[in-house]
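Chemist:
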Amino acid sequence: MNLIYSKSEVSFHVKPTDDEYKKIKVTHCKTSVEKLIECIEQGTPITAQVYDGDRRKTPNFMAQTMFALDFDGTLTLTEIDAICRDYGLPYNIGYPTYSHTDTNPRYRIIFICDGEVRHPKMATDLNKAFSIIFNSLSDAACKDLARIWLGTNKKVFRGDLEFTFKPETVFSIANELKYAKAGNKGRKSFNINLIEKTGNNGNSILYRYSNNDIPLICDETDKQPKLIDNWKLDDLFECKLFKTFYEGGGTPLLGCKLNDTELMCMASNLMRLDGGEKLYKACLRKNGNYSDEKFSKISYLRNQSHYRTYLIGKYSPYSDDQQNQFQTFPELLRKKGRVEVDPTNQPRIYKLDEAEQEMKKWVDVANADTGNTVYVFKAAPGLGKSQHFINKKGVVIAFPNNNLKNEQYSWSKLSDDEKLVTPEALTKFSKPVQVFLNALYNKGLNENAFFRIKDLANGKSLFEDGHLDYEDMNFAIEYLKQNKAIKDAGTDKTVFTTHTRLLHQSFNHDTYVFDENAYNTIFEHHKTSVAELTSIKMHLTLRGCVVDELEEVLVVKETGIHPTPNFTDYLDIVKEVIRADRFDTNVLKFFQSSRFMFDGEFIHYEVNHLSKLPTDKKLIFLDATASRTLNEKIFGERLVFIDISNVELQGTLIQDTSKSCSKKGLDNYHDKVSAKVGSMPVITHTGYKKHFANPVDTLHFGSLTGSNTLSGKDFCVVGTMTYHPTYYQFLADRLHIKCNDYTMKNLKVIYEGRGFWFTTFENPELQRLHLEQVEGELIQGVHRARLIRTHATVKLYSNFPLLQAKYVY
Numbered sequence: 003m004n005l006i007y008s009k010s011e012v013s014f015h016v017k018p019t020d021d022e023y024k025k026i027k028v029t030h031c032k033t034s035v036e037k038l039i040e041c042i043e044q045g046t047p048i049t050a051q052v053y054d055g056d057r058r059k060t061p062n063f064m065a066q067t068m069f070a071l072d073f074d075g076t077l078t079l080t081e082i083d084a085i086c087r088d089y090g091l092p093y094n095i096g097y098p099t100y101s102h103t104d105t106n107p108r109y110r111i112i113f114i115c116d117g118e119v120r121h122p123k124m125a126t127d128l129n130k131a132f133s134i135i136f137n138s139l140s141d142a143a144c145k146d147l148a149r150i151w152l153g154t155n156k157k158v159f160r161g162d163l164e165f166t167f168k169p170e171t172v173f174s175i176a177n178e179l180k181y182a183k184a185g186n187k188g189r190k191s192f193n194i195n196l197i198e199k200t201g202n203n204g205n206s207i208l209y210r211y212s213n214n215d216i217p218l219i220c221d222e223t224d225k226q227p228k229l230i231d232n233w234k235l236d237d238l239f240e241c242k243l244f245k246t247f248y249e250g251g252g253t254p255l256l257g258c259k260l261n262d263t264e265l266m267c268m269a270s271n272l273m274r275l276d277g278g279e280k281l282y283k284a285c286l287r288k289n290g291n292y293s294d295e296k297f298s299k300i301s302y303l304r305n306q307s308h309y310r311t312y313l314i315g316k317y318s319p320y321s322d323d324q325q326n327q328f329q330t331f332p333e334l335l336r337k338k339g340r341v342e343v344d345p346t347n348q349p350r351i352y353k354l355d356e357a358e359q360e361m362k363k364w365v366d367v368a369n370a371d372t373g374n375t376v377y378v379f380k381a382a383p384g385l386g387k388s389q390h391f392i393n394k395k396g397v398v399i400a401f402p403n404n405n406l407k408n409e410q411y412s413w414s415k416l417s418d419d420e421k422l423v424t425p426e427a428l429t430k431f432s433k434p435v436q437v438f439l440n441a442l443y444n445k446g447l448n449e450n451a452f453f454r455i456k457d458l459a460n461g462k463s464l465f466e467d468g469h470l471d472y473e474d475m476n477f478a479i480e481y482l483k484q485n486k487a488i489k490d491a492g493t494d495k496t497v498f499t500t501h502t503r504l505l506h507q508s509f510n511h512d513t514y515v516f517d518e519n520a521y522n523t524i525f526e527h528h529k530t531s532v533a534e535l536t537s538i539k540m541h542l543t544l545r546g547c548v549v550d551e552l553e554e555v556l557v558v559k560e561t562g563i564h565p566t567p568n569f570t571d572y573l574d575i576v577k578e579v580i581r582a583d584r585f586d587t588n589v590l591k592f593f594q595s596s597r598f599m600f601d602g603e604f605i606h607y608e609v610n611h612l613s614k615l616p617t618d619k620k621l622i623f624l625d626a627t628a629s630r631t632l633n634e635k636i637f638g639e640r641l642v643f644i645d646i647s648n649v650e651l652q653g654t655l656i657q658d659t660s661k662s663c664s665k666k667g668l669d670n671y672h673d674k675v676s677a678k679v680g681s682m683p684v685i686t687h688t689g690y691k692k693h694f695a696n697p698v699d700t701l702h703f704g705s706l707t708g709s710n711t712l713s714g715k716d717f718c719v720v721g722t723m724t725y726h727p728t729y730y731q732f733l734a735d736r737l738h739i740k741c742n743d744y745t746m747k748n749l750k751v752i753y754e755g756r757g758f759w760f761t762t763f764e765n766p767e768l769q770r771l772h773l774e775q776v777e778g779e780l781i782q783g784v785h786r787a788r789l790i791r792t793h794a795t796v797k798l799y800s801n802f803p804l805l806q807a808k809y810v811y
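One rule links them: number in the numbering used here = place in the sequence shown (from 1) + 2.
1) State the start and end residues of the unbroken alpha helix (DSSP H) segment that holds I646.
2) Whole angstroms are fine: how far does the CA of T105 sit from the CA of I85?
3) Hey, out of M746, L265, S293, N271, whose CA is closest to P319's CA?
4) Quick one: complete beta strand (DSSP E) runs, 3+ long, within the stretch 57-131?
5) Within the stretch 684-740, note down every full beta strand (DSSP E) run reaching 3 residues or more, in order along the chain.
6) Using only the alpha-carbon positions, how far apart do K486 and A520 sit?
7) From the DSSP secondary-structure annotation, give me the bridge partner or partners of F604.
8) Measure the alpha-carbon distance for C718 versus Y671 and round it to whole angstroms.
9) What is the rounded straight-line gap between the Cα of G386 and the Cα of I392?
10) DSSP three-state call for K539: helix, strand or coil?
11) So who's on the other strand from Y53, going by DSSP bridges?
12) Between which two residues does the beta strand (DSSP E) harbouring G277 extend?
13) Taking DSSP as the reference, what is the three-state secondary structure of F244?
14) Comparing alpha-carbon positions, which option in S676, S713, Q657, N522 lies nearest Y730?
15) Rounded to the nearest angstrom, what separates G783 and F703 at their Cα positions?
16) Around the C-beta of E11, are 16 or more other C-beta atoms found within 10 angstroms, so that it is buried, or is it exposed?
17) Which of helix, strand or coil does DSSP assign to R894?
18) Name the DSSP beta bridge partners of G757, please?
19) State the Cα-Cα distance for the pair E358 and E409, rounded to the nearest angstrom.
20) Could you compute how far the alpha carbon of Y411 sits from the alpha carbon of V515?
21) Pick out the complete beta strand (DSSP E) segments inside the stretch 369-453, 3 residues or longer, and give them in chain order.
22) So R120 packs on R210, CB below 8 angstroms; how close in whole Å?
23) Quick one: what's got a C-beta closer than 7 angstroms to L335's C-beta in the same chain, skipping five residues either side?
24) Whole angstroms is fine: what's the gap from V52's alpha carbon to Y292's?
25) What number of angstroms, rounded off, separates the C-alpha of N213 from the C-alpha of G251?
26) Is there contact between the stretch 671-687 and the stretch 754-773, where contact requires at least three CB pairs shorter than 8 angstroms?
27) Once DSSP output is grouped into helix, strand and coil, what is the label at V515?
28) For L804, which three-state DSSP category applies?
29) Distance, Cα to Cα, K395 vs F509?
30) Give me, in chain order, the residues of the same chain whose beta-carbon lies closer than 6 angstroms to that of T530; leave out the 5 immediate sequence neighbours on both sides.
31) Going by DSSP in three states, F328 sits in which element: helix, strand or coil?
32) P217 to N195, Cα distance in whole Å?
33) Give me whichever residues DSSP pairs with H30 in a beta bridge.
34) What are the boundary residues of the beta strand (DSSP E) that E198 is part of?
35) So if DSSP puts F623 in a beta bridge, which residue, or which two residues, is it bridged to?
36) Is it buried or exposed, S800, if we count other Cβ atoms within 10 angstroms and call 16 or more buried?
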C-alpha cells in the first residue's frame, strides 16, 4: 500500500535544536511502508498529513493515511502490544525516539488507515479516539494535526505491515470506553454515521465527514426485545467460546483472556437472556486480567439501543463454533431440532387412490411413446410402480441387485415363455470356485472372470493342483447357455437383469426400465491407494512397460478433481493385477475411470457409465427418491419427470429431530438413543448395528431399496446418511456446478416448506442435491413398513424432517 505524507529534505542523527526544528520544511510524497521505514531510520522528519501549500494549517489540510501515538514512559512496549491485541488493532511500525533510554523508554507507534482521511475534523477525532483506546496515556501533543514527527537514530521495529484499520472500528471502541469511563452514562460520542466513504476500490477509499453536528448516539425510545427465561446453563456450554469465558480461561489470540471483540460477542448474546448481564459480570470476575471498562459492555449496548446479536461462528476462534456460523444464544436455546412448517408452501399430498390413478395415467403415456423420451417416475414406496412393468411384454427391466431381480422375476405374471432372467455367476458354484471368481470381481476383472467360467465349462481347472469338480463344470455350461439365451432373446420377451448388466450388455429391445435408484451404478465411486498405484508402476517398469500416464497421475500435486489419462499400457496393467494378490482395493477400475482426486494417501475416482445409456431408446426410471435437479441436468429436454412421491400415510411416522444420529453423532450418544429404542427392530448405519439390541440384519443405510420384509411392522430408523465429501465434489464437477467451498456447515435451510438447521453446503445447487439425497435415504428406510398401505408405526431418529412426520424435539 502506498502512503501519503510529507517529509523534510534534511535528516538528523540526534534530536534537533529548537532553532533547527523551526526551520524544518516538508513537501508531500507517496511511498511504500518500507520507504517510510527507511526515511525514519535516516532521521528524516515527517508529518502524517498532506497540505495544500507550505503552511501546515487546518484550512490547508488535504489528506492523511497514518496516525501516531507517542508514549513517554507511560506505557511499556509490552503493555502497548497487549492493548493492540485486545482490540484487534495491531500497529504497523514503531520506533524509539531520540530521547529513548532503557530507564526512560519513549516510543512512537504508527497505525495505517485503509483509506485516505480527507476531513481535518475526522483526522482530529481519530487522534482523540486512539488516545482514549490507550487510556489517554499517550502524549497530548499527538492530537495536533500539524505536528512534525521526528525520525530516529535507532532501528524501527515492525508490527503487522499488512494491517489497515477502519475508522468506524476505532470510533466504536473509543465510544464504548468513553461510556464506561463516564460511569455508564451517555457522553458525546464519535458519530460513525457521519463517515462518508467513496471510491472503495483497493487503496482508493476516501473518507469524509458530513457537515451536520455530532449528536449523542442514544435513543431511549427503542425497547429491548423480550428476554429469554427458563434457559439452562448447560445448553450454553455447547458454545466453546462461552465455555472458555465461563471457566475464566483465554482464547488463542491473547491466551490469558478473551479479546475485546470476543467479549462483545459474549455480551451481545448474554444480554438477550434473563440474568445474562449478571452471568456476564460473574464470568469476568473469574479472570483478573479484565480491565474495569469491560464490565460495562452490556450496559453500553443497551444505552446505544444496540440489540443486534453477534454471530458466534463469526467471532469465535474455535472450529466447533465456526461450523455453526449463524448460531446465537437465542437460536441455541431454542429446542434442538425444531422444525418450522410454512403451511402456505407445502407439497401436494395424494390420496392413495388418486396416486394410483395418476401412476396408471403416466404409465400409459410412457408405454404409448415410441420415441427416445426419458421418463422418471418419482413414486412413493409401496405404490406398486414395479408391477406396471414386470408384467409388460417386450422390455428389459433392471434392478439394483440379483436378489431383487430374482424376487421380481418370480412375482411377474408373465409365463416362462414370455420372460427371461440373467443368470448369477456365483450362487451354484462350489465354495473354492466362488472364492476364486469373487477375488477377480473384487479387483474389477469381470471380463477375466467370464473367460475363466468358459475355461471351467471346457473342463479346465481353475487351480494349480488341477482339481476339477464336475458339478462346477456342469453349472458353468448351464451358465453359458443361459447367457446365450439372453443374447439371442427376441424383443417380444421381457428380460429381468441388474443395473450393472444392463449398462454393459446390449439388448435389441426399444425400452429399458431401471427399477430403483440407478445412479450409483451409472456413476461408480471407488477409492484406491497411492501405494497400490505405485506398486503397479514399479512392477511394470521392471518389465519394461510404458508407465508415462501412471507417472503423470502420481506426480499430481494440486488439490481438486483431475481428468484420468488414457492408459496405453492398459493390457499390461490388467496382467499385473491378475498376477498379483497384494491389492486390497478395486485398483483396476481406476484405469477405467474418468476423473480422480487425492485424499491423503488415497485416491478417490469416478467411473462414468452415462455414455452407455442409449440415446435411441426409451428409458424409464422408477425411483421413489429421484432428484429432479439431477435428472434435469443429465437428460435435459428428453426428460419427463412425474412426481407422485407424497402419498397420504395410513400408518404413523414419529420423528425425533433433536439429534442428527449421523455416524459422528452416534459415536458420542449411541447409548442414549439405544435406550430410547429399546428392543424395537432398528435400521441404522451398517457399522453401528452393534449398539442396538435388535438391529435388522439384512437392511442398513445404502442397502434399503425394494425390501418388503418389514411391511406392516413397527420398527425404528436411526441415522442421517451422507456420502463421503468427495462424492459431492465429483457431483458438482459432473453437473458443472461452480462451488469454491465444499465445507459443510450448520445452516438454517428452507426445504419444501420446512425450515430447520442442518449441516450442508452453502452453494444453493449443491445444497439442494445434498438435501434430496439425505431425504431419499430416510424415505427408503421408513417406507420399508409400506406406510401408505399399512397401519404400522415407524419411529425415526434424524434431524432431517420428513413430510407427514409428527415431530418430537
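All C-beta atoms in this analysis are idealised placements derived from N, C-alpha and C, irrespective of residue type, glycine included.
Modeler: Judging by the given coordinates:
1) DSSP places I646 outside any alpha helix (DSSP H); the residue lies instead in the beta strand (DSSP E), whose first and last residues are 641-646.
2) Taking the straight line from one Cα to the other gives about 22 angstroms.
3) Comparing Cα-Cα distances from P319 to each of M746, L265, S293, N271, the minimum goes to L265.
4) Counting only runs of 3 or more, we get 63-74, 95-98, 108-119.
5) Taken in chain order, the unbroken stretches of beta strand (DSSP E) that lie wholly in the stretch 684-740 and span 3 residues or more are 717-720.
6) Between K486 and A520, the C-alpha separation is close to 25 angstroms.
7) Note: F604 is bridge-paired with S531, D601 in the DSSP secondary-structure output.
8) Roughly 16 angstroms between the two C-alpha positions.
9) Between the alpha carbons of G386 and I392 lies a gap of roughly 11 angstroms.
10) Shown here, K539 sits in a helix according to DSSP, grouped into three states.
11) Answer is F63, bridged to Y53.
12) Where G277 is concerned, there is no enclosing beta strand (DSSP E), given that its DSSP letter is neither H nor E.
13) If DSSP states are grouped into helix, strand and coil, F244 belongs with the helices.
14) When the alpha-carbon of Y730 is set against those of S676, S713, Q657, N522, the nearest one is in N522.
15) Each residue's CA atom was taken as its position, placing G783 and F703 some 8 angstroms apart.
16) Exposed, by the Cβ-count rule.
17) Since the first residue shown for the chain is 3 and the last is 811, residue 894 is missing from the structure and cannot be characterised.
18) DSSP lists E342, I752 as the beta-bridge partner residues of G757.
19) Rounded to the nearest whole angstrom, the C-alpha separation of E358 and E409 is 22 angstroms.
20) Cα to Cα, Y411 sits roughly 14 angstroms from V515.
21) Every beta strand (DSSP E) of 3 residues or more that sits fully in the stretch 369-453 is shown, in chain order, as 376-381, 398-401, 421-423.
22) 5 angstroms between Cβ atoms; contact.
23) Contacts found: I230, W233, D237.
24) Straight-line Cα distance between these residues: approximately 39 angstroms.
25) Because N213 sits at a pLDDT of 49, beneath the cut-off of 50, its placement in the model cannot be relied upon, and the following sentence gives the value as read from the coordinates. Roughly 45 angstroms between the two C-alpha positions.
26) Judged by Cβ distances under 8 angstroms, the stretch 671-687 makes no contact with the stretch 754-773, as fewer than three pairs qualify.
27) Strand, per DSSP.
28) Here L804 sits in coil by DSSP.
29) Those two C-alpha atoms are separated by around 14 angstroms.
30) The residues are T587, V589, F592, I605.
31) Reduced to three states, the DSSP call for F328 is coil.
32) Note that P217 has pLDDT 33, beneath the 50 cutoff, so the model's placement of it is unreliable and the number below is only indicative. Using only the alpha carbons, I get a separation of about 10 angstroms.
33) DSSP output for H30 lists S8 as bridge partner(s).
34) Under the DSSP assignment, E198 falls in the beta strand (DSSP E) whose first and last residues are 197-200.
35) The bridge partners DSSP lists for F623 are V378, F516.
36) The residue is buried, with at least 16 neighbouring Cβ atoms inside 10 Å.
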